[in-house]
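Right, one structure below, let's go through it.
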Amino acid sequence: PLGVLCADALPALTLVGALVANASSSAKEVAHRLATRRPADTSSPVLVTDNAGRYLGVVTIQRLLAALTDS
9 PLGVLCADAL
19 PALTLVGALV
29 ANASSSAKEV
39 AHRLATRRPA
49 DTSSPVLVTD
59 NAGRYLGVVT
69 IQRLLAALTD
79 S
């Protein structure tokens, strides 16, 4: 995966760069990576991949924060 298609300005679609994280990454590792991104890039979801780089799913920032507070 390269990013997320944003439909905010329809009919044009914009590719928004997203953070790509391996499924074995901890919530703390992913949060640290997000914290060191540009402020404009911290609200996009995290794209999760397997060890081969194949797309597995999406984790929202809200879900990531919930995982951090539960641990």
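Under my numbering, think of the first position of the sequence shown as 9, with each following residue one higher.
C-beta: ideal position from N, C-alpha, C; glycine also.
Considering only the alpha carbon of each residue, which of Ser-34, Ser-51 and Leu-42 lies closest to Cys-14?
Ser-51
Leu-64 vs Val-56 beta-carbon contact at 8 Å
yes
Put Leu-23 into one of helix, strand or coil per three-state DSSP.
strand
If you drop the 5 nearest sequence neighbours on each side, which residues of the same chain put their C-beta closer than 6 Å to that of Gly-25?
Gly-11
Give me the residue from Val-38, Asp-49 and Ala-29 with the minimum Cα distance to Ala-75.
Val-38
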